[in-house]
Every structure is written in C-alpha cells, then in structure tokens.
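Those letters in the sequence shown? Residues 0 to 423, by numbering that gives the first Met the number 0. Positions of the beta carbon are idealized from the N, C-alpha and C atoms, including for glycine. Okay, so here's the structure we're looking at.
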Amino acid sequence: MNTRTLFLMTSASIAFATLALAAETAPVEHAVVARLEGTPVATALDPLVAAPRDGAITENILSVSERILTPGNPMLKYSSVQPVGATGFSSWQLASDEGGAAHEQTAPNPLTYLTSGIASNLYTSLQRAVEVTGLPVDDIKVEVEVFYRYDAPFTADWAGFTDKVVANILIDSDAPVEDLETVKAMALRGWTAGEGIGGDTEIDVALAVNGAHWGARGATPGAVSDPVSLDNGATLSRKIPFPAPESFDLGEDLPMDGFTGSTDAIAFSVVAIVDSAGDTDHPYLQRINARALQQGYTGWELFADDSYGVGRTDVAPTSLDYLTAGTSLCLMSQLTGVPMALQLDIADFRVEHLFSYRQDGFMTVDMAGFTDDVQTRVVVNSTEPQEALEQYFNVSLRACFAGEAFDNETPIETGLYVNGAQVD
0 MNTRTLFLMT SASIAFATLA LAAETAPVEH AVVARLEGTP VATALDPLVA APRDGAITEN
60 ILSVSERILT PGNPMLKYSS VQPVGATGFS SWQLASDEGG AAHEQTAPNP LTYLTSGIAS
120 NLYTSLQRAV EVTGLPVDDI KVEVEVFYRY DAPFTADWAG FTDKVVANIL IDSDAPVEDL
180 ETVKAMALRG WTAGEGIGGD TEIDVALAVN GAHWGARGAT PGAVSDPVSL DNGATLSRKI
240 PFPAPESFDL GEDLPMDGFT GSTDAIAFSV VAIVDSAGDT DHPYLQRINA RALQQGYTGW
300 ELFADDSYGV GRTDVAPTSL DYLTAGTSLC LMSQLTGVPM ALQLDIADFR VEHLFSYRQD
360 GFMTVDMAGF TDDVQTRVVV NSTEPQEALE QYFNVSLRAC FAGEAFDNET PIETGLYVNG
420 AQVD
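So, in structure tokens, the structure goes:
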C-alpha cells in the first residue's frame, strides 16, 4: 500500500466554518437507498473515466462518503456512488449505520454493503456463465459468509482483518454435474470482486488536510427514519427476518454490551444470500438478504441491478456500487472510532474512493474479472498537528476490514451445491 500526505494547510478558521455551516443547515431526511441527481463530487481525487478495452467491461467507480450528524449516533453516514462517465448508470446514495446493545440499525452497516457486493457480484458472474453455456438451469443462488476480526481495538495498535470468505453456489438443474462444475469455474474466474478480495490489489492512499478540500463541504444534520426505500414504485431496501442460508450454519451473534472501549480481540461474520428478483423485464435484477451477526443488527433486503449494456433506466445500484461504497463506509467507521482511542479533536472528515474494475472476455467462456487498483483519499478537517493526523490516518487505515481485504490475499473457500446436495 502506497501512502502519502497531501496539502497540509492547517487552518482553524476552516474547521470553525464547517461546524458553523452544519449548525445553520436544516436536518435532512435520508433514505437508505436513493437515486441522486448529478454525480458524486470528489476534491482529493481525479475521477478519470475507465479506458475502453476490446471485448471487456471496464469501469472506474467513484464513491464519496460524508457524515450525517444526529444526536447520540456518531456512526450515521452516507456514500454517493456511480461509475465515472458511464451512460445508463445512475448516481446512488447509500445510508449506513451501526447497531448495538442500545439501538437497532437505522440502515445497513458498511460490512453488510461490502458483503452484499461480494455476493451479488458472484451471482452476476454465475448468471453470465449459465447464459453463455446455455445449460438447462431451473434456479441459481449464491450464499456468502465473510469473517471479520479486530485486534487491539480502541488502542494505538488497532487493526482490522478480513480472515476468510466462504462463497457457495447453489444450482437446481438436471444438467450433468461435470458441466455445472464448469459453470462454477467460469463464475469464479469472472468474479471481479473475488479477484480483488482474494488477490493483492494495488492501493494508493493519501491524506488531504483542510485547505481547498473543504470549502462549503462537510457533515450536515440529518436522520434515516424509514428502513423502506422506494424508487419509481420499486422497493430498494427494507428490514427482514434474519437470513437463513442452506449451505452453512450461522454462529452466535457477537454481544455488543461493553463493545466500545474493549481492547480484546473481536470476531464476527456477515452473511449475504443472493437470488433473482424474479422480474422478467429486468433479468439481472437481484434480491440480496444480508445481515451482520452482531447484537442489535437487523436483517436487510437490498436489490442490485447488473444489467450491463441494456438501454434503459437502472433499477438499483450495481453489485460493484455496493462493494465500492461498502469499502468507503467501512473506513468512515474507523475514522469515527479511532479519535476516541488517540484522544484527538477531529472536526470533520470524509472518504473518497476510486475503484478500477474490468471483466475481460465479457459473455464468453473465457470471462475473467479483475480489480486493477484502488485509490483512497481521507480528507480531514482538524487543527491537530501533522504528526497526530498522520497517526490518525494510519491507524484508521489499518483498522479498516475492507481495505485489509483488498490489500492482502484473503482466503476464499467455495462450494457447489446441486439440487440441494454438495458436490464440490
């Protein structure tokens, strides 16, 4: 990981101006998932359009994440996300919240979005593989569980890890098992998110402090009061009973009583189940049921629309939108918690990400997905000295599960289930 510091121009007046702007702004009611007008605006990144490549899908996805100020809940935030310069892809805003012993989530937590993106993107690759081979398949489903861990939380040695991904493919079909094993292999090879998580992705990170990176930008008062998001008559988010996977058993919820301030290692998982939304007009519209196995964290139903190349309005964010925004929102959570450990005064912060994705051999038997590189910018508004801000920056990066997953080679276990029985 390449880290550097940009534009150190500490100015108390900037911090005060941002806080004054927030105080004067009327609270905004946010949806969990909302279509936006315009595009995400970055100040520390140069969001370039992905270079085209013969026979491939290439896309650079930008996410910009800010805080939502609400009394008693410092973890509320949102990310605006969209492929840069691409036609037919809306800009989406995803609100995010943590839960706990004291309150249930008002929106999915970052790792629910991240895990949903991992699972949804595999479902897309599987659906393409089935379509390319033309095999008779009655139904397909993807079940994913991702295992996360904190070491030494709330200390200067705070570190987050993505220990393992379990990704199972479930197929109902009378086709020969060996043919379905070929479909599985194609799906895994074309799995862009899996290549990024399982490989060693190039990541460029930088810290931008104060200066022109703020202006009128910053956290603003608001809330997320309704878990149900509606767009053009379609439901895009709602709370659901806990997901029940068929291919693995779920462990116990992580107790959240006394979580804050504990320095013991903490481990938990997030599960996501993806199947077709059953919309004949939008065959690549997926339904995602996901939940973090933590006390006070509810189940969520989300939707992803991976209908690339279809000339119509998209119904929902793409799987890679969820993956990108989930990464940004994960880092936002660490940037919220780390100042408590380091006893720093951070007036405001935001995260900007640019992920470069591609899938070569699109809609052929040679499909191969790649996460080529990631650019991360942490934009901080603070009067703390440079040394303290760089420590804040580095500890927050180290504590981010999502960043660690892309930066290192995360183990991935896969299984194939045919007509309810495991065959691989």
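query, result
"Local Cβ density within 10 Å of Gly-54, reported as buried at 16 or more and exposed below that", "exposed"
"Own chain residues within Cβ distance below 7 Å of Val-176, not counting five before or after", "Val-417, Val-422"
"Nearest-angstrom beta carbon gap, Val-379 and Val-129 [assumed within contact, 8 Å]", "That belief does not hold up - the Cβ atoms of Val-129 and Val-379 are roughly 46 Å apart, past 8 Å."
"Helix, strand or coil at Val-31 according to DSSP, with G and I counted as helix", "coil"
"7 Å Cβ cutoff met for Gly-444 and Leu-322", "Past the boundaries of the shown model lies residue 444; the chain is included only from 0 to 423, so the question cannot be answered."
"Whole-angstrom distance between Val-164 and Val-377, CA atom to CA atom", "27 Å"
"DSSP bridge partner residues for Lys-183 (one or two, in chain order)", "DSSP, once it has assigned bridges, lists no residue as partnering Lys-183."
"Coarse secondary structure for Leu-20, derived from DSSP in three states", "Summary for Leu-20: the model assigns pLDDT 47, below 50, so the residue's position carries little reliability, and this model does not support an answer."
"Whether Phe-267 touches Ile-60 by CB criterion (7 Å)", "no"
"Burial state of Gly-336 (16 or more Cβ within 10 Å)", "buried"
"Outcome for Pro-26 when other beta-carbon atoms lying within 10 angstroms are tallied against a minimum of 16", "exposed"
"Distance CB(Ser-327)-CB(Val-350) smaller than 7 Å", "yes"
"Cross-strand partners of Phe-369 (DSSP beta bridge)", "Arg-357"
"Buried/exposed call for Pro-424, threshold 16 Cβ in 10 Å", "Here the chain comprises residues numbered 0 to 423, so residue 424 is not present and cannot be evaluated."
"The region 175 to 189 / the region 99 to 110 touching (three or more Cβ pairs under 8 Å)", "no"
"CB contact flag (Met-362, Val-141, <7 Å)", "no"
"Boundaries of the alpha helix (DSSP H) in which Tyr-391 is found, first to last residue", "385 to 398"
"Under the three-state DSSP convention, the category Ala-11 falls into", "Confidence in Ala-11 is poor, its pLDDT being 36 and thus under 50, which makes the residue's placement unreliable; the coordinate value appears in the next sentence. Correct three-state label for Ala-11: helix."
"Tyr-149, DSSP secondary structure in three states", "strand"
"Pair within 7 Å by beta-carbon distance, Val-31 and Ser-228", "yes"
"C-beta atoms of Thr-200 and Val-83 nearer than 7 Å", "no"
"Validate contact between the region 291 to 310 and the region 206 to 222 using beta carbons, cut 8 Å, 3 pairs", "no"
"Cβ neighbour criterion (16 or more within 10 Å) applied to Glu-412", "exposed"
"Contact belief for Ala-404 with Thr-161 at Cβ below 8 Å, rounded distance in angstroms", "4 Å"
"Inter-residue Cα distance where the pair is Leu-20 and Trp-213", "Residue confidence is low: Leu-20 scores 47 on pLDDT, short of 50, so the model does not pin down where it sits. No coordinate-derived value is stated."
"Buried or exposed by the 16-neighbour rule on C-beta atoms within 10 Å, applied to Gln-358", "buried"
"Beta-carbon contacts of Leu-18 that lie in its chain and below 7 Å, excluding the five residues immediately before and after", "Confidence in Leu-18 is poor, its pLDDT being 47 and thus under 50, which makes the residue's placement unreliable; the coordinate value appears in the next sentence. Same-chain partners within the cutoff: Ala-346."
"Beta-bridge pairing of Ile-239 - partner residues as DSSP gives them", "Gly-298"
"Buried versus exposed, by CB contacts within 10 Å (16 or more), Asp-305", "buried"
"Close-in-space but distant-in-sequence residues of the same chain around Ser-318 (CB under 6 Å, 5 per side omitted)", "Gly-116, Ser-119, Asn-120, Thr-123, Ala-303, Asp-305"
"Reduced DSSP category for Thr-512 - H, G, I as helix; E, B as strand; rest coil", "In the structure as shown, the chain begins at 0 and stops at 423. Residue 512 is therefore absent and cannot be evaluated."
"Expected contact under 8 Å - CB spacing of Leu-169 and Ser-275 to nearest Å", "Leu-169 to Ser-275, Cβ: 12 Å. No contact."
"DSSP three-state assignment for Asp-203, whether helix, strand or coil", "strand"
"Alpha-carbon spacing of Asp-173 relative to Gln-390, whole angstroms", "57 Å"
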